[in-house]
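Quick note on numbering: full-length UniProt numbering labels position 343 of the sequence shown as 343, and the sequence is numbered without any gaps. C-beta atoms are modelled at their ideal positions from N, C-alpha and C, and glycine is treated no differently.
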Amino acid sequence: MAPDEVSMSIFAAVEAHTPQFSHCSDAIWDEPELAFGEKTAADRLSRLLAAHGFAVTRGIAGMPTAFLAEWASAADAPHTVAFLGEYDALPGLAQTADLSAQVAAWPGTPGHGCGHHLLGAASALAAVALAETLNREGRPGRVRFYGCPAEEAGSGKVFLVRSGAFDDVDAAFTWHPHIVNEVDAETSLAFVEARFRFTGRAAHAAATPHLGRSALDAVELMSVGVNYLREHMPPDARVHSAITDTGGNAPNVVQATAEVVWLIRSPASADCEDVFARVCDIARGAGLMTGTTVAHAITDAGQNILLSRALMQAMERHLLAAGAPAPTPEDLAFAAELRGKAISEADIAGSLGGRPQALRAAPYHTAVLPLPADDRLAFVSTDVGDVSWVVPTVQCHTACYAIGTLFHTWQMVAQGKRAQAHAGLALAAKAMAATAAECLADPDLIARAKAELAERRGGRAYRSLLPPETGPALPA
């Protein structure tokens, strides 16, 4: 069977199972769960994969909501492909489906404002469609689905990579719900996040201020120091902060403790680590200026994405072959209503980024954007980066949302169960599974992708930016 025939067989399998996996994504949307607490989502996906003949191992890499599902044509299958699935939600984004104007949500509850309910379901669908096709055609291969918790806050894939879970994988595939259909040609930012806790001495702020040592002063002075650092760090680096403990709310008490979280990002992990080291120096300086002590702990960290042009070119062919679906009349009407009430012209332009602004006229993207000739930099971070350092990795985007929808917003949550979201889920599954099938059928493609990865690493071995003693921040 020629590769195009294999693809058509996979496309048919995806279409046959799309209702089942769309229902699963809706169920995950209905019960959104935060990082490392995605018990219901992980259970739904693992049970669904087990029902389709996958052997499931739960709780891998020390994370209760991480799991591995595997199907193999034989114990000695020559090559292994992996699909990455996420299913965590975001805090404070709860929203009712299908609303075109924001209403009161349930305070403090999570919501799927990044489409991960779709992400995990489509990756699982791709794994099932590929395994069914290989089994039916008598073709060799090992197919894995990795249940990856805590992409939004916790970087579950980093712990999977660090545990060696991907050491025998030949190629990895994932996707992200989006407003356009395209192969993802964007690199990302390496990042280090750390908590800095200052400890001083309490005192009466009026009667004996000279006896106090203010931890809050140290936090503020650290912020001043980092602001002066900005001029002298790489221009594409990013530094952000959040004060998580001000030491209390009584101004007449010198604050004995205070804490700030700093997030440092850069396209190159070496630059990221260098800037982080300088931020640590500034923290020590703030402690010296205020007579306080400081301790820091890295809580999250990840590598930048290394792209695979060999796999990207293959995925583009299959994305084009699958074709972008046409939106339903109901979705077109809803998108028009949403854009009239809750999506501005600035949102529409901003959502497209560097993509052709001509796309802004249509409510949905109904074509496939060509693969850019050059890599692009996205000023975001993801734990997919660590996977891409150890195994050739490729991603696609599919149009699940109306153009103008911004990530991490209630507008995205509100569209998460519509027909367009399910159509994007199916398109992503087709592109991923067909590309993986081509890898299994063509060892030369795997070899080219591995050679390219070695070249992009430039002689550097993978090293987790998380300290060995840092484990997943599991909920109590």
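Which residues in the same chain have their Cβ closer than 6 angstroms to the Cβ of A69, if we skip the five residues on either side of it in sequence?
Within the sequence shown, residue 69 is the residue found at index 69, counting from 1. Shown here for A69: same chain residues with a beta carbon closer than 6 angstroms to its own, the five before and five after excluded, namely L49, F54, V56 and F145 in chain order.
Spatially closest choice to L45 from R197, A12, A124 and L216, by CA coordinates
Residue mapping note: residue 45 aligns to position 45 of the sequence shown, counting from 1. L45 has its Cα closest to that of A124, out of R197, A12, A124 and L216.
Can you look up residue 527 in the DSSP assignment and give me helix, strand or coil?
Look at the range of the chain in this structure, 1 to 476, and you will see that residue 527 is not part of it.
C272 - DSSP class collapsed to helix/strand/coil:
Here the question's residue 272 lines up with position 272 in the sequence shown. The three-state secondary structure of C272, taken from DSSP, is helix.
In angstroms with no decimal places, state the Cα-to-Cα distance between V180 and G287.
Against the sequence shown, residue 180 aligns to sequence position 180. Against the sequence shown, residue 287 aligns to sequence position 287. V180 and G287: Cα-Cα distance of roughly 48 angstroms.
Within this structure, are the beta carbons of V260 and M222 separated by less than 8 angstroms?
Taking the sequence shown and counting its residues from 1, one reaches residue 260 at position 260. Taking the sequence shown and counting its residues from 1, one reaches residue 222 at position 222. Taking 8 angstroms as the Cβ cut-off, V260 and M222 qualify as a contacting pair.
How big is the Cα-Cα spacing for M1 and W71?
Numbered from its first residue, the sequence shown carries residue 1 at position 1. Numbered from its first residue, the sequence shown carries residue 71 at position 71. Since pLDDT at M1 reaches only 38, below the 50 mark, its modelled position is unreliable, and the value read off the structure follows with that caveat. C-alpha separation (whole angstroms): 21 angstroms.
Alpha carbon of F334 to alpha carbon of M432, nearest angstrom
If you number the sequence shown from 1, residue 334 lands on position 334. If you number the sequence shown from 1, residue 432 lands on position 432. Each residue's Cα considered, the two are about 29 angstroms apart.
Would you call the stretch 407-420 in contact with the stretch 112-123, where contact means no fewer than 3 C-beta pairs closer than 8 angstroms?
Touching, yes.
Are three or more beta carbon pairs between the stretch 322-333 and the stretch 464-471 nearer than 8 angstroms?
no
Do S7 and L425 have their C-beta atoms closer together than 8 angstroms?
Numbered from its first residue, the sequence shown carries residue 7 at position 7. Numbered from its first residue, the sequence shown carries residue 425 at position 425. Contact: no.
Which residues in the same chain have their Cβ closer than 8 angstroms to the Cβ of A429, if we skip the five residues on either side of it in sequence?
What you label residue 429 is simply residue 429 of the sequence shown in a count that begins at 1. Counting only Cβ-Cβ distances below 8 angstroms, and skipping sequence neighbours, we find V14, T18, F21, A122, S123, L125, A126 and A129.
For the beta strand (DSSP E) containing L264, list its first residue and its last residue.
Counting from one through the sequence shown, the residue named residue 264 turns up at place 264. One detail in the question is off: residue 264 reads as Ile in this sequence, not Leu. Note, I264: beta strand (DSSP E), T257 to S266.
In whole angstroms, give me the CA-to-CA distance for G385 and H296.
Taking the sequence shown and counting its residues from 1, one reaches residue 385 at position 385. Taking the sequence shown and counting its residues from 1, one reaches residue 296 at position 296. Near 24 angstroms, if we compare the C-alpha coordinates of H296 and G385.
For D217, I'd like the list of residues in its chain whose CB is within less than 6 angstroms of its CB, leaving aside the five on either flank, ordered along the chain.
Here the question's residue 217 lines up with position 217 in the sequence shown. The residues are T290.
Would you kindly check if the distance between the Cβ of F407 and the Cβ of L189 is under 8 angstroms?
To locate residue 189, count along the sequence shown from 1; it is residue 189. To locate residue 407, count along the sequence shown from 1; it is residue 407. Contact: no.
Candidates R360, T393, V253 and G285: which alpha carbon is nearest N304's?
As a first step, residue 304 is located in the sequence shown; it is residue number 304 there, counting from the start. It is T393.
Are the stretch 193-212 and the stretch 307-319 in contact at 8 angstroms, needing three or more beta carbon pairs?
no
What residue from P356, A437, R278 and H240 has the CA that sits closest to R317's CA?
The sequence position of residue 317 within the sequence shown is 317, counting from 1. Checking every option, the nearest Cα to that of R317 belongs to A437.
Nearest to D236 by CA position, among F11, L93, T187 and H79, is which residue?
By 1-based counting over the sequence shown, the position of residue 236 is 236. That would be T187, whose Cα lies nearest to the Cα of D236.
Kindly indicate which three-state DSSP category G385 falls into: helix, strand or coil?
In the sequence shown, residue 385 corresponds to position 385, counting from 1. Here G385 sits in helix by DSSP.
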